[in-house]
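Participant: In the working numbering, the protein residues as written are 16 to 101. We put the beta carbon where it would ideally sit given N, CA and C, even for glycine. Source: prediction; values computed, not measured.
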Amino acid sequence: MLSFKYLIASLADVYSMIIFVYVLMSWIPTKRGILADIDNVLAKICDPYLNLFRKFIPPLGGMVDVSPIIALLVLQFGVRLILSIF
């Protein structure tokens, strides 16, 4: 059971890092090349989860999107809560 908990926590941590890299890459203008390909792959991985939060949290000032911060907090707290139950 301990290895299952470790696996779930590790997967949540990896997904959090992927979201973090995706957010950082949004600051880099990418139109073509390898960075654009990486950005497209990360968008396909992260956007379904982030869009859940973007529906309810509008950008601050029309430019600053805080939904990834909330999404990361929900992911981390949710996984830790689930692991504490088991």
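Considering Ile33, what are the terminal residues of the alpha helix (DSSP H) in which it resides?
Facilitator: 17-40
Participant: Measuring CB atoms only, is the segment 56-76 touching the segment 23-39, in the sense that at least three cross pairs come out at less than 8 angstroms?
Facilitator: yes
Participant: For Val56 and Asn66, I'd like the C-alpha separation in whole angstroms.
Facilitator: 16 angstroms
Participant: If you run the structure through DSSP and keep just helix, strand and coil, what is Val81?
Facilitator: coil
Participant: If you count every other CB in all the chains shown that lies within 10 Å of the CB of Ser25, and 16 or more means buried, which is it?
Facilitator: Looking at its Cβ environment, which holds fewer than 16 other Cβ atoms inside 10 Å, Ser25 is exposed.
Participant: Please check the pair Val81 and Ile72, which I expect to be a contact at CB under 8 angstroms, by giving their CB distance rounded to whole angstroms.
Facilitator: 6 angstroms
Participant: Rounded to the nearest angstrom, what separates Leu75 and Ile84 at their Cα positions?
Facilitator: So the alpha carbons of these two residues sit roughly 13 angstroms apart.
Participant: Less than 7 angstroms between the beta carbons of Ala27 and Val94, yes or no?
Facilitator: yes
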